[in-house]
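> There's a structure below that I have some questions on.
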Amino acid sequence: MFFFVARRSFFAVILLFVVSIFTFWIFSALPADPAALTCGKNCRPEVIEANRARLGYDKPFIEQYGSYMKGIFAGRTYGEDESGVHCSAPSLGYSYDRHECVTSLVAKTLPVTASIAIGAFVLWMFFGIALGTMAALRRGKWPDHFATVFSVVGISFPSFFLGLLSILIFVIWTNILPFPQYVGITENPFKWFTALILPWTVLAVLSASTYIRMTRNGILEVMNEEFVRLGIAKGLPRRTLIVKYVLRAALTPIATIAGIDLAFLLGGALVTESVFNLPGLGKLTLAAVINSDLPILVATTLVAAVFIVVANAVVDIMYGFLDPRVRSK
Amino acid sequence: MEPVDTRDDSMDSAGLSPWQLGMRRFRKGRLGVIAFWVVFFFVFVAIFAPIIVRLLNVDPYALDRNSINDFGLPKGPLGSMSWNHPLGVEPGTGRDILGRLIYGTRISLLIGAVGTLLSTGVGVILGMVAGLRRGWIDSFISRIGDVALAFPSLLLIIALANPMTQRLESWGVPRGNTAKLTYILAILTIFGWVYMARLVRGQVLSLRERDFVEAARSFGAGTCHLVFKQLLPNLWPQIIIFVAMSLPGYVALEATLSFLGVGLQAPTASWGIMLGDSVRYYRTDTAYLFIPGGALLLLVLGFNLLADGLRDAFDPRSDRQQL
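Line by line, the protein sequences give chains L and W. By the count of numbering that gives the first Met the number 0, the first sequence reaches residue 328 at its end, each step adding exactly one. By the count of numbering that gives the first Met the number 0, the second sequence reaches residue 322 at its end, each step adding exactly one.
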């Protein structure tokens, strides 16, 4: 077991290394000159060159990558004289557009994205599994039909269309909810909740579809296994059988996909944050796209990739604990 | 889902290929057939868009300043629907929505079809190579797949959209929407091939051990024969299901990119452009949001139901047939 965990973690680190090199390479090979973007349109060449040296863009690619990685672990000062800006570790770069360390921008926006992602995750897991279980247990009856229709319609909705629709219905036409305006949970939990309930619901409706199907099909598949027949034969109560044995076996593969879906969302709920105007990682990325703010783009890509790779590794390791057959492979 | 009775298949199914069996089952699923006709309708509209537009006497590009007021909003109710503009006009420009909707079908289906074709094609080829060659080639392809999946794809698609389009233009791709379309299709392929390749690789690894492949090989069959006569016929059902499942995602993505501001640009008519534009007006001119949104929803729903029907018909493990 120790070797399995060690090997899996080692693989994740290698993967992250390759991904970081790729990300760095893609963004440095872009036609945009990052130094020229540091100051506005009427910029003197000397300023551009000075900024190029200050931000390290004059160095060869490998050296740039090296100092970036060093910055993540040791912090980094941009520029050498007293005008230099220091970003303490983990430094993800310096945004010349916003005159701020990228790490602090990420730290400001990540809680918003995390609030969106985790709340939506809880909702879609609960409703997805509940509806999927109901559909499987009442196969061919109305709960099953309802779940089937709900999941196929839910999966077909373009996310921003559903988001705009929900704003129209609940905010503009009926005034049930105020227009979402993000407030930190520590500041005002109630306002935090009312701002996020719509984004959560929209994301949950979109994602629950997959989980309804997987739960339903998983349960139906497990129901055919020998151990379930054994359970029935030895007279286990139906509820115990389903909750303790069937659900447990059926939900293990769902847990793996759930972990990865959550990780993807933590990397920035681009569409949702944009529709509901929530200041999260996705919004930060979109603003950076418009302003060609490369340091932010590199950082958000890396942060999102870390979430994905770590989630994959954690899920694999968890799976190894739950299902011994995986370990030996 | 409509109950599919599999019992009578066994009665006269002797001599039918899996393909024929699947098609027979598919025709019995009512929803799947309806979905097929919905998709067919959109494909028909896309192909004959110029003729249909002429017949309906709507022009997707003509600016009609008379049907919008000084604020740029349509004059009449419901986005100024009238005999001249059956679905109303666009705010800001006064262009006819029906005409743009009809032409937009082309872009949506083009991105859906070509994107799926490219990523499925690359996936099948790489999966086939990995499964047949094994060894270091297999490891190499699989590791590249791991790296591609480790990237936050939507984020990267958006972050690279403008600079990469510029780069394509500097390489000689026609400027504007052609370059952007090329970029979208290319990056969809870069991120989209992995799942197909994994599926095909797994299938090839297990199929190559089967007796019929062994038999063909003992007769001296070449790789070409193995791939096209032995392996592909067994893979078609899965490839078809995969294609049907990924198409709606690509169709919706075009709209998502436009919504996020990195998609195609007007005056080209596309559903994504309309939807992206409608966000600015959705509080005052709801019809402008609902018409392209509804069309997109209908098309994606059609594709999804079609995919469901095909999966029920072709996937032997699918227990939805017992519904």
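Glycine included, C-beta positions come from ideal geometry on N, C-alpha and C.
1) Could you say which of 125(W), 145(W), 138(W) and 247(W) lies nearest to residue 304(L) if we only look at CA atoms?
2) Which two residues bound the contiguous alpha helix (DSSP H) that contains residue 284(L)?
3) Leaving out five residues before and five after residue 41(W) in sequence, what residues of the same chain have Cβ atoms less than 6 Å from its Cβ?
4) Among all the DSSP beta bridges, which residues are the ones paired with residue 99(L)?
5) If contact is defined by three or more beta carbon pairs under 8 Å, each pair taking one atom from either stretch, is the stretch 193-207 of chain L in contact with the stretch 155-163 of chain L?
6) Would you mind giving the Cβ-Cβ distance between residue 265(W) and residue 87(W), rounded to the nearest angstrom? I have them listed as a contact below 8 Å.
7) Thinking just about the alpha-carbon of each residue, which of 276(W), 293(W) and 294(W) is nearest to the one in residue 72(W)?
8) Have a look at residue 7(W) and residue 142(W) and give me their C-alpha separation to the nearest angstrom.
9) Quick one: is residue 0(L) buried, meaning 16 or more other Cβ sit within 10 Å of its Cβ, or exposed?
10) Output, in sequence order along the chain, the residues in the stretch 32-63 of chain W whose CB is closer than 8 Å to any CB in chain L.
11) Could you check which residue in 321(L), 311(L), 270(L) and 320(L) has the C-alpha nearest to that of residue 11(L)?
12) Note down the Cα distance separating residue 61(L) from residue 218(L), rounded to an integer number of angstroms.
13) Count the other CB atoms within 10 Å of the CB of residue 16(W); is the residue buried (16 or more) or exposed (fewer)?
14) Quick one: residues in its chain with C-beta nearer than 6 Å to the C-beta of residue 10(W), no 5 flanking neighbours on either side, listed in chain order?
15) Quick one: does residue 107(W) have its CB under 8 Å from some CB of chain L?
16) So if I threshold CB-CB distances at 8 Å, which residues from the stretch 253-266 of chain L count as touching chain W?
17) With 8 Å as the C-beta to C-beta threshold (strictly closer), list the residues of the stretch 279-293 of chain W near chain L in chain order.
18) Below 6 Å CB to CB, which residues in the same chain sit around residue 262(W) once its five sequence neighbours on both sides are set aside?
19) Would you mind stating whether residue 94(L) and residue 70(L) have Cβ atoms separated by less than 8 Å?
20) Please classify residue 10(W): does DSSP put it in a helix, a strand, or coil?
21) Which residues, in order along the stretch 250-267 of chain W, keep a beta-carbon less than 8 Å from a beta-carbon of chain L?
22) Checking the sheet assignment: what are the DSSP bridge partners for residue 95(W)?
23) Looking only at its own chain, which residues have a Cβ that is under 7 Å from the Cβ of residue 241(W), when we skip the five neighbours before and after it?
24) Relative to chain C, which residues along the stretch 290-305 of chain L have a C-beta separation below 7 Å, given in chain order?
25) Just to confirm, is the Cβ distance from residue 162(L) to residue 3(L) under 8 Å?
26) Spatial neighbours of residue 259(L) within its chain, please: C-beta separation below 8 Å, excluding the five flanking residues on both sides.
27) Short of 8 Å Cβ to Cβ, which residues in the stretch 134-150 of chain W face chain L?
Once the coordinates are examined:
1) By 1-based counting over the first sequence, the position of residue 304(L) is 305. Among 125(W), 145(W), 138(W) and 247(W), the Cα nearest to that of residue 304(L) is on 145(W).
2) One-based indexing of the first sequence puts residue 284(L) at position 285. Note, residue 284(L): alpha helix (DSSP H), 280-290.
3) One-based indexing of the second sequence puts residue 41(W) at position 42. These residues qualify, in order along the chain: 104 and 298.
4) Here the question's residue 99(L) lines up with position 100 in the first sequence. Beta-bridge pairing links residue 99(L) to 94(L).
5) yes
6) The sequence position of residue 265(W) within the second sequence is 266, counting from 1. The sequence position of residue 87(W) within the second sequence is 88, counting from 1. 17 Å between Cβ atoms; not a contact.
7) The residue you call residue 72(W) lines up with position 73 of the second sequence. Of the listed residues, the one whose Cα sits closest to residue 72(W) is 276(W).
8) As a position in the second sequence, residue 7(W) is number 8, starting the count at 1. As a position in the second sequence, residue 142(W) is number 143, starting the count at 1. With a pLDDT of only 46 at residue 7(W), under 50, the local geometry of the prediction cannot be trusted, and no value is derived from it.
9) As a working note, residue 0(L) is residue 1 in the first sequence. Burial call: exposed.
10) none
11) Reading the first sequence from its first residue, position 12 is the one you call residue 11(L). Closest by alpha carbon: 311(L).
12) On the first sequence, residue 61(L) is found 62 positions in, with the first residue counted as 1. On the first sequence, residue 218(L) is found 219 positions in, with the first residue counted as 1. Approximately 51 Å between the Cα atoms of the pair.
13) Locating residue 16(W) in the second sequence gives position 17, where the first residue counts as 1. Looking at its Cβ environment, which holds fewer than 16 other Cβ atoms inside 10 Å, residue 16(W) is exposed.
14) The residue you call residue 10(W) lines up with position 11 of the second sequence. Low local confidence applies: a pLDDT of 47 at residue 10(W) is under 50, so the model's placement there is unreliable, with the coordinate-based value given in what follows. Within the same chain, no Cβ atom closer than 6 Å to the Cβ of residue 10(W) is found once the five residues on either side in sequence are excluded.
15) For the purposes of this step, residue 107(W) is taken as residue 108 along the second sequence, with counting starting at 1. Chain L, which has no Cβ nearer than 8 Å to the Cβ of residue 107(W), makes this no.
16) Cβ contacts with chain W come from 263 and 266.
17) 281, 282, 285, 288 and 292
18) Start at 1 with the first residue of the second sequence, and residue 262(W) comes out as number 263. A distance below 6 Å between beta-carbons, with the five flanking residues on each side excluded, links residue 262(W) to the following residues of its chain, in chain order: 256 and 271.
19) The sequence position of residue 94(L) within the first sequence is 95, counting from 1. The sequence position of residue 70(L) within the first sequence is 71, counting from 1. Their beta carbons are not under 8 Å apart, which means residue 94(L) does not touch residue 70(L) by this criterion.
20) For the purposes of this step, residue 10(W) is identified with residue 11 of the second sequence, where counting begins at 1. Note that residue 10(W) scores a pLDDT of 47, beneath 50, so its modelled location is shaky and nothing firm can be said.
21) 251, 254, 255, 258, 259, 260 and 261
22) As a working note, residue 95(W) is residue 96 in the second sequence. Paired residues: 88(W).
23) Counting from one through the second sequence, the residue named residue 241(W) turns up at place 242. Closer than 7 Å at the Cβ level, and outside the excluded window around residue 241(W), lie 119, 195 and 198.
24) The displayed structure is made up of protein chains L and W, and chain C is not among them.
25) The sequence position of residue 162(L) within the first sequence is 163, counting from 1. The sequence position of residue 3(L) within the first sequence is 4, counting from 1. If you check the CB distance, residue 162(L) and residue 3(L) do not come in under 8 Å.
26) Along the first sequence, one-based indexing puts residue 259(L) at 260. Within the same chain, residue 259(L) has close Cβ partners 307, 310, 311 and 314.
27) 145, 146, 148, 149 and 150
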